[in-house]
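Visitor:
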Amino acid sequence: MSDDDAVVDVRDVHYAIGGHAVFAGLNVRMRRGAITAVMGPSGTGKTTLLRLIMGQSVAQRGVVRVFGADVARLPRPELYRLRQRVGLLFQNGALLTDLSVFENVAFPLREHADLPEPVLRDLVLMKLQAVGLRGAAELMPSELSGGMARRVALARAIVMDPEVLIYDEPFVGLDPISMGVIVRLIQSLNRLLGITSIVVSHDVREISAMAHYSYLLSEGKVVAEGSPAELNREQKDVVRQFMSGTPDGPVPFHYPAPDYFEQLLQPAGS
Amino acid sequence: MALDALAKLGSVALFLIRVLGQCIPALARPRLVIAQIYNAGARSLVIIMLCGLFVGMVLGLQGYQLLERFGSESALGVVAALGLIKELGPVLTALLFAGRAGTSLCSEIGLMGATDQLAAMEMMAVDPVRHVVAPRFLGGFIAVPLLTAIFNCVGIYGAQLVGVTMMGIQPGTFWSQVQGAVGLRDVNEGVIKSLVFGTACSLLAVYEGYHAEPTAAGVGLATTRTVVTSAVLVLLLDYVLTAAFL
Numbered sequence: 001m002s003d004d005d006a007v008v009d010v011r012d013v014h015y016a017i018g019g020h021a022v023f024a025g026l027n028v029r030m031r032r033g034a035i036t037a038v039m040g041p042s043g044t045g046k047t048t049l050l051r052l053i054m055g056q057s058v059a060q061r062g063v064v065r066v067f068g069a070d071v072a073r074l075p076r077p078e079l080y081r082l083r084q085r086v087g088l089l090f091q092n093g094a095l096l097t098d099l100s101v102f103e104n105v106a107f108p109l110r111e112h113a114d115l116p117e118p119v120l121r122d123l124v125l126m127k128l129q130a131v132g133l134r135g136a137a138e139l140m141p142s143e144l145s146g147g148m149a150r151r152v153a154l155a156r157a158i159v160m161d162p163e164v165l166i167y168d169e170p171f172v173g174l175d176p177i178s179m180g181v182i183v184r185l186i187q188s189l190n191r192l193l194g195i196t197s198i199v200v201s202h203d204v205r206e207i208s209a210m211a212h213y214s215y216l217l218s219e220g221k222v223v224a225e226g227s228p229a230e231l232n233r234e235q236k237d238v239v240r241q242f243m244s245g246t247p248d249g250p251v252p253f254h255y256p257a258p259d260y261f262e263q264l265l266q267p268a269g270s
Numbered sequence: 001m002a003l004d005a006l007a008k009l010g011s012v013a014l015f016l017i018r019v020l021g022q023c024i025p026a027l028a029r030p031r032l033v034i035a036q037i038y039n040a041g042a043r044s045l046v047i048i049m050l051c052g053l054f055v056g057m058v059l060g061l062q063g064y065q066l067l068e069r070f071g072s073e074s075a076l077g078v079v080a081a082l083g084l085i086k087e088l089g090p091v092l093t094a095l096l097f098a099g100r101a102g103t104s105l106c107s108e109i110g111l112m113g114a115t116d117q118l119a120a121m122e123m124m125a126v127d128p129v130r131h132v133v134a135p136r137f138l139g140g141f142i143a144v145p146l147l148t149a150i151f152n153c154v155g156i157y158g159a160q161l162v163g164v165t166m167m168g169i170q171p172g173t174f175w176s177q178v179q180g181a182v183g184l185r186d187v188n189e190g191v192i193k194s195l196v197f198g199t200a201c202s203l204l205a206v207y208e209g210y211h212a213e214p215t216a217a218g219v220g221l222a223t224t225r226t227v228v229t230s231a232v233l234v235l236l237l238d239y240v241l242t243a244a245f246l
C-alpha cells in the first residue's frame, strides 16, 4: 500500500491510560475506498483507536494521520473541518434525545450546510429510506429500539456524504434482518459511493463477508493482518483462537483471579 | 485542599471564558436561547411566584409586628419593598433557581455526556459548548433577573395583602411609602445582584454538568454539587455586593 493510498495512517502509536499501556507501537493503515476491519478481543483498545483517529484523544508517542494531516497537531477549526469529511457511527447510536428522528438526521446539515428546507427534507428522507426508517421520521429516540436507534445514527452519519465512515461495533444487539441490512448498506455505500469504511467489530463472520483488509489487535499491537482469507489461513495461536472463538488459547477468557477452588473453600468475608 | 480549590476556580474561570466566547455565535441561533429561557425561566414561574407571595406575606406580618412597637406601622411598605428589592428578591430567586433550574441544567448536560451525545456533536464538528452549554448559560443569565423582578412584585403584593387587607394599613399610605422610599439606586442594586447571581448559578450548573463523570452516580454528585456550591456562592457574593453598595 503506498502512502498516498492511506486515508488513515497510524504509525508507531503508544498510548496509555492511568499507567496501563493500551497501545505499544501500533501500526495500522486504512486504504482509500476499501473496507478495513479492526478486530480483536474486548479491551484491546479498538474504540480507543477510533478516538485517536478522530482526534478526540492524543497519542503519547507516534503519529496519527488522516487525509495526510497529523490530527494531534490540528487546531480546533481545522480538526472540525476534517471531521466534516468523516462520519462516525457510535456503538450506542448517541442520538440527541431532545430531537426527533428527522431532526437528528437533519442536525449535521442544519449546522454545516445552508440548504433550503425542501432540499434538506428530501435529503433526510432519502437517508432514512436507505436505513428503512422513513416511516419513523417523527418518532423520538426514546420510542426506538436499540437496533432502530443504530440505524438512525447510521442515516445521520451518512447525511453529509462523508469520504470516510467509521463504524464502532455496528452489529452489536441487532436482529439478523437488521444485521443483514447494515452489512449490505456498508457494502453498497463503499461500492457505489466509494466511501472508505473502517469497521471496528468482533463479529468475525460478518467482517469476513465484507472486509477487504483486516487487522487483528491483541495486547496493544497488530498480531495479524491481511484479507479475511489470509487471516483464516493464519496459523498463529492467538489468531486461530480468535477466528474460531474458543476460550482456550493465548488470550485468557478469565480476568486474573486467585485459584477458583481455594477461593470457594475460603470462609466468606476473608 | 487549597490547591485543589484554586485549580477548580481556575478551571471554572477558563470554562467561563470559553462559554462567553461562544455566546455570540449562540445568539445567532435565537431559537435555542429562547427555548432555554422558557425552560429555565417560564417553567420556574409557579414556584417563584408562590414563594414570592409567601415571603412577602411573612415580611408583612413580621414587619408589622416590629414596626407596631415603635408606632410606625405605616412604614411597612418601605420595609417590604426595600427588603425585597435589595436583598430577599435576588438572593431567594437565585437559590430557588439553583434548586429548580440549575439541577435540571446540570443533570441534562451530564446525561448528554454520559450517553455520548456531547461526543457525537464533537464528532459531527459541532462544538457542544456553542450548541448545548452557551444557550443554557444565556437562558439562565437572562431568566434570573426577570424572575427576580416577578418575585419582587409578587412579594410586595403579598406584604400589601397582609398589611392593608389584614392589618388595616391605608392602601394609599402603603403605596405612597413604597413610591417615596424606593429609588433608582435600590433598584440598580437588586438588578446587579440578580445579574451576578444569575451568572454564577447558570455557570456552576453548566460547568458541573459538562464535567460530570459519565455515570449515574457521577451525574447525581454533580447535581448535588451544583445546588450546594450555588447556595454558598450566592450568599458569599451577596455579602460582597451589599458591602460594595454601602
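Chains A and B, in that order, are what the protein sequence lines are.
For the first sequence, our numbering assigns the number 1 to the initial residue and increments by one for each residue that follows.
For the second sequence, our numbering assigns the number 1 to the initial residue and increments by one for each residue that follows.
Here a beta-carbon is modelled for each residue, glycine too, at the ideal position from N, C-alpha and C.
Would you grab the beta carbon distance between valine 71 of chain A and leucine 79 of chain A for me? Rounded to a whole angstrom, and I think it's under 8 Å.
Guide: 7 Å
Visitor: Does DSSP put serine 2 of chain A in a helix, in a strand, or in coil?
Guide: With a pLDDT of 49 at serine 2 of chain A, under the threshold of 50, the predicted position of this residue should be treated as unreliable, and no value is reported.
Visitor: Is it right to say asparagine 188 of chain B is buried, meaning 16 or more other beta carbons lie within 10 angstroms of its own, or is it exposed?
Guide: Exposed: under 16 other Cβ atoms inside 10 Å.
Visitor: How many angstroms separate the CA atom of glutamine 235 of chain A from the CA atom of valine 164 of chain A?
Guide: 32 Å
Visitor: Can you find the residues in the same chain that come closer than 6 Å, C-beta to C-beta, to lysine 193 of chain B, ignoring five residues on each side of it along the sequence?
Guide: Pro90, Leu241
Visitor: Going straight from the alpha carbon of tyrosine 167 of chain A to that of proline 77 of chain A, what length do you get?
Guide: 24 Å
Visitor: Closer than 7 Å by beta-carbon distance: list the chain A residues that pair up with glutamate 250 of chain B, in chain order.
Guide: Within the shown structure, residues of chain B are numbered from 1 to 246, placing residue 250 of chain B beyond reach of any answer.
Visitor: Distance, Cα to Cα, phenylalanine 137 of chain B vs valine 182 of chain B?
Guide: 31 Å
Visitor: Taking 9 Å as the threshold (beta carbon to beta carbon), is tyrosine 15 of chain A in contact with chain B?
Guide: Chain B contact via Cβ: absent.
Visitor: Considering only their Cβ atoms, is the gap separating glycine 139 of chain B from isoleucine 17 of chain B smaller than 9 Å?
Guide: Their beta carbons are not under 9 Å apart, which means isoleucine 17 of chain B does not touch glycine 139 of chain B by this criterion.
Visitor: Could you check where the beta strand (DSSP E) with aspartate 259 of chain A kicks off and where it finishes?
Guide: Aspartate 259 of chain A -> no beta strand (DSSP E), and no H or E assigned at all.
Visitor: Can you tell which of A:Gly245, A:Gln56, A:Ser178, A:Lys221 has its C-alpha closest to the C-alpha of aspartate 204 of chain A?
Guide: Note on residue identity: the sequence assigns valine, not aspartate, to residue 204 of chain A. Per the Cα distances, A:Gly245.
Visitor: For glutamine 170 of chain B, return the contacting residues in chain A, with the cut-off set at a CB-CB distance below 7 Å.
Guide: Chain A residues near glutamine 170 of chain B: none, gap ~52 Å exceeds 7 Å.
Visitor: Would the segment 151 to 161 of chain B count as touching the segment 143 to 150 of chain A if we require 3 or more Cβ pairs under 8 Å?
Guide: no
Visitor: Please report the distance separating the alpha-carbon of glycine 99 of chain B from that of isoleucine 85 of chain B.
Guide: 21 Å
Visitor: Going straight from the alpha carbon of aspartate 127 of chain B to that of methionine 121 of chain B, what length do you get?
Guide: 7 Å
Visitor: So with CB distances below 8 Å, who are the chain A contacts of glutamine 117 of chain B?
Guide: Ala94, Leu95, Leu96, Thr97
Visitor: Does tyrosine 80 of chain A come within less than 9 Å of chain B when only Cβ atoms are used?
Guide: yes
Visitor: For serine 145 of chain A, write down the residues that DSSP places opposite it in a beta bridge.
Guide: Beta-bridge pairing links serine 145 of chain A to no other residue.
Visitor: Along chain A, in chain order, which residues have C-beta atoms closer than 7 Å to that of valine 126 of chain B?
Guide: Glu111
Visitor: So is phenylalanine 261 of chain A buried or exposed if we call it buried at 16+ other beta carbons inside 10 Å?
Guide: exposed
Visitor: Any idea which residues DSSP pairs methionine 63 of chain A with across the strands?
Guide: Residue 63 of chain A is actually valine in this sequence, not methionine. Answer is A:Arg11.
Visitor: Where does proline 228 of chain A land, buried or exposed, given buried means 16+ other C-beta within 10 angstroms?
Guide: Around the beta carbon of proline 228 of chain A, 16 or more other beta carbons sit within 10 angstroms, so the residue counts as buried.
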